[in-house]
Structure formats: structure tokens, C-alpha cells
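The sequence shown stops at residue 421 when you use our numbering, and every number in between is there.
Beta carbons: idealized from backbone N, C-alpha and C, even for Gly.
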Amino acid sequence: MAVEHQMYDYRQANEEQDDELYAIICCPHSIGFDRDKIALVDLDPTSDTYCTIISEIRLTSNGDEPGRMNWAKSAESLIEMGKLIRKHIIVPCMNSGKIYVIGFDKNKFYMEKEIRSDELFRKDVSCPYAVRSLPLKGAPVHVSTMGDRYGHGKGDFVLIDRKTWEIRKKSDPTFSSFGGDFSLQPRHNLLISSEWGHPRLFRDGFQPSELENVSESFGSCLHVWQISPPKLLQSISLDSFDGSLVISVKFLHNTDCNHAFAISAIGSSIFHLHMNTLSREWQADRVAHVPSLKINLGGVFDSSPEVRIKTSNAMEDRWWLPPETRSLPRGTKFRGGPALMQLSKDGSRLYVCNSFYKAWDGQFYPELISDGGQMVRVDIVDNEMRLNEKFLVDMKDQPNGPFVIRDIKFLDGDCTSDSFL
């Protein structure tokens, strides 16, 4: 295969990788009457505290609603990941507008700094969501924001100095109509961002009127930026429905590669992003699509009869239907459905949690709010995915809970934490 079409092979550094023994998880309080927390979970199957929380830190106020946290530092390559000393994790909060800088040392957390929402309001941004770091000395931490000070859609970035934890002044005032997730490609000096919608609307969950007129409520564009000096290079307009509310965008983990993939929530589509090396123009091709259901038993349609089902002409595509029998981790039902995931560096274990955003969790899967979230593990054996029935982190009976599980980070970095140079 040509270099630009290859993905990064994590197995080439297998000898230098230790199995992940711990993970840091983000745990919003499911109901909101107590503070959210960041917790350390034991992943070592030989440990007496396997699948339990061994340390935690509470955030400073109720209802913060953490988004996609990340380490403040990124390794330059896979080989360097285990050598990098990581002491701080950045936690952006979508509802309160705060950004926490949490220190981590000897398996203990401490509060390094709290960036208040009014500091973001002064820059006319709000609703911080995702965090990415460049593997360059002196480079700031990038945090995407999704709203202006009033909660209207506005896609922008906050740059945080890694020494002082102060917000740096931006050299370019350009912003997009909506904000969301983003991904970095340092070698090509590129950043691609996605669009959600107006925070003032999606904080209340999905409304039928918004879904009937998605172009007014949600974004459907991808934006290609130059990282330094910051500059918007191109905006890619996706189909107003298929490309509506792109919740995730990722470059391939190959530093020579300029290919990326994006996933839309409302349109249930996967897009392949690639650049014409001659014209330097980017385009997005829809490469996968899950059709809308015509008939279904159980699931969200059973628990929420008010959900209206759109007809489809693609019912012959059966690959996306659930299996006839389901495995149970430790004999416990997996509440809701898979939301955010984290793959081990050797590609052999996939950790899955079931909360994405509480307003949406409660709307589609009320049991997540009443009974709490979970994290399970899927083992990849002989090119097959098998649920590990001995692994389950369940937040149902947590003190002052329940809590949900939003995000997963390994101590030595992982497939979503680092942007290789």
C-alpha cells in the first residue's frame, strides 16, 4: 500500500508496551445534585481492586458536565508515549463553561487550576468540549468551544499556556458557525473541526421540530485549518441531513498521511476526508451509512414511543442489526448503548462506556440516569470482537451517585490522546 493509505501499526512497538493497568475516567453525576468527578480505575485483572475506583477528585460545582478530557502533553511518536511524563489532564465542561486543570501524581489527583466561565465569556466563547495537544515544546493546549457568551452556535478555540495555565491571546479572530470535535495533524500543520449546533438548544435534548429542520439547528460542515499561523483554509459542506451533527473527526495515526474520518450522529454516516495533493482541495466522501429503521422491537423505540420512525428503502442491508443473543458482563445488563470508546495501544482491547451527553442520555436511555453508567471491555481475538464477561465497571452504587462514565484515558497515553509528529 502507498504510505498515505496506511494506518499506524501499533504492534511494531509491542515489546515496549506494558498492558494498561489503570485508566482515568470522567464521571458526571447522572442527576446533577452532586458534583461530577474524575476517577482512577484499576484495570489489572490480577489486582484485588480490579474494576473498582481507587482514587478520585470531585469538581468544584454541581452540573459541570465534562466533555472530552485529555492530557496536557502529547508524545511525538508511539515509541515516545511510554517515556513522556504526564502530570496534568485538562477537563472542559460543556454546561458550566469551566475548564479544569487537574494534576496527577502517584495515582492521586489534585486541583491545579480552575479556569472560570467568565474568562471565556470575555472572549465571547462558551461550552468548551474537546482537548488536543501538540507534541511541540511551548505549544499551547487547544480546547474547542461550541458557543458564544449567549449560547448561540460559534465554533472557536481556546489556547491554554502549559506553563502558566493562562488563556493565550489568539492571533486570528476567524471562527466557524458551529463548533464541535477536532483532530490535529502536526506534520502537515493541519486541524480539522466539526460542527454540533447551538448549545442553548442541544442542552435541552433533541426536539422533534429541530430534527424536522436540522439545517437550522445543527451544523453540517467540516473545517480545515492551518495550525500555525492559525488560518481557515477550507470549509466542506456535507449533506444537510447525512452530515448533520458530526460528533467525531479523526486523522489516521500515520504522520505521513493526510486522510481522516468523520462520523455524523443525526445522519448516521461515516465520511472519508482526503486532500487532492495537486490542487490542495479537500473533499468528503460518504463511505458508510446506517439506514433509518422501518420496524424494530425493543431498544429506544420500545422505551420511547414518542420517537417517530422514518421509513427506509435500504432494509435489505442487515449487517447493522443486533445479534440474536447478547452477552452479559458479570451477569449485568449493559444499559443504553455504546457511546465513547478507547482502544488499547496494541489494538487488542476496546474499552466502551455508555454516556455521551446527559441531556441525550436521559432522553433515549432513562435507565442511565436512574441506574448510572458502565464501562465494559471488548477483546479482539483472531480478528473477532468478544465481550469480556469478567470486566465491568458499574457506577450504580457509587456513594452519592449514581454517576455515568463519559471518557477514558490511559496513563501512558492512548489512541485518542496523542497527535504524532
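Burial state of residue i (16 or more Cβ within 10 Å)
| i | result |
| --- | --- |
| Y110 | exposed |
| K98 | buried |
| Q283 | exposed |
| I295 | exposed |
| E195 | buried |
| M395 | buried |
| V125 | buried |
| P140 | buried |
| D181 | buried |
| G138 | exposed |
| V249 | buried |
Residue nearest to residue i in terms of C-alpha spacing, selected from the options
| i | options | result |
| --- | --- | --- |
| L232 | D172, G337, I167, R349 | D172 |
| F121 | F157, I295, H223 | F157 |
| F403 | N62, D44, L201, T46 | N62 |
| S279 | Q234, I263, V249 | Q234 |
| E389 | D418, R132, P329, R335 | P329 |
| I270 | P291, N254, D256 | P291 |
| F410 | M69, G151, K358 | M69 |
| S264 | N254, T277, F241 | F241 |
| G372 | A262, S47, H88, K333 | K333 |
| D379 | R335, D346, Y129, F202 | D346 |
| T416 | G331, R203, Q398, L184 | L184 |
| I192 | A288, W225, K163 | W225 |
| G179 | I79, V287, A130, P208 | A130 |
| T46 | L340, G197, F391, D397 | F391 |
| L435 | K163, I227, L84, D397 | Missing from the structure shown is residue 435; the chain here goes from 1 to 421 and no further. |
Presumed contact (8 Å Cβ cut-off) between residue i and residue j, rounded CB distance
| i | j | result |
| --- | --- | --- |
| Q64 | S96 | Per the sequence presented here, residue 64 reads as Asp, with Gln not at that position. Right, the Cβ-Cβ distance comes to about 4 Å (below 8 Å), so this counts as a contact. |
| V352 | P338 | 5 Å |
| P199 | G147 | 4 Å |
| E76 | F420 | 6 Å |
| P92 | L134 | Contact flag wrong, Cβ pair sits at about 17 Å. |
| H223 | S176 | 5 Å |
| L387 | S344 | At roughly 15 Å, the Cβ-Cβ gap does not stay under 8 Å, so L387 and S344 are not in contact. |
| W71 | E112 | With a Cβ gap of about 13 Å, W71 and E112 do not count as contacting. |
| R168 | L159 | 4 Å |
| R377 | R406 | Rounded, the Cβ-Cβ distance is 17 Å, inconsistent with contact. |
| P114 | Y100 | Before going on, a small fix: residue 114 reads as Glu here, not Pro. Sure, about 6 Å apart at Cβ, within 8 Å. |
Sequence-distant residues of its chain with Cβ nearer than 6 Å to residue i (five each side left out)
| i | result |
| --- | --- |
| L174 | Checking the displayed sequence, the identity of residue 174 turns out to be Thr instead of Leu. Result list for T174: L232, in chain order. |
| A39 | I25, C27, I53, E56 |
| K37 | C27, E56, R58 |
| S237 | C221 |
| V393 | V41, C51, M375 |
| D361 | S355, L368 |
| D285 | H272 |
| D412 | M81, G82 |
| M275 | N258, W282 |
| K154 | G147, D148, F175 |
| N400 | D34 |
| Q342 | Y351, I408, D414 |
| H188 | N258 |
| L201 | S217 |
Nonlocal neighbours in the same chain, by C-beta distance under 8 Å from residue i, ignoring five residues either side
| i | result |
| --- | --- |
| N107 | Y22, L40, I54, S55 |
| P229 | S171, D172 |
| F206 | W360, Q363 |
| R86 | W71, A72, K73, F104, L411, D412, G413 |
| T49 | D42 |
Proximal residues to residue i (C-beta, below 7 Å), its chain only, five neighbours per side dropped
| i | result |
| --- | --- |
| C127 | M94, G97, T145, M146, G147, P199 |
| A314 | Note that A314 scores 47 on pLDDT, short of 50, meaning its location in the model is unreliable; the coordinates nonetheless yield the value given after this. Contacts found: P291. |
| L43 | E20, L21, Y22, A23 |
| G298 | At G298 the pLDDT is 45, less than 50, meaning the model places this residue with poor confidence and gives no usable figure here. |
Heavy atom of the ligand FMN within 6 Å of residue i beta-carbon
| i | result |
| --- | --- |
| I408 | Inclusion of the ligand FMN in the displayed structure is not the case, the ligand content being empty and no account of it being possible. |
Specify whether the segment 241 to 259 and the segment 211 to 222 touch according to this definition: at least 3 beta carbon pairs, one from each stretch, less than 8 Å apart. yes
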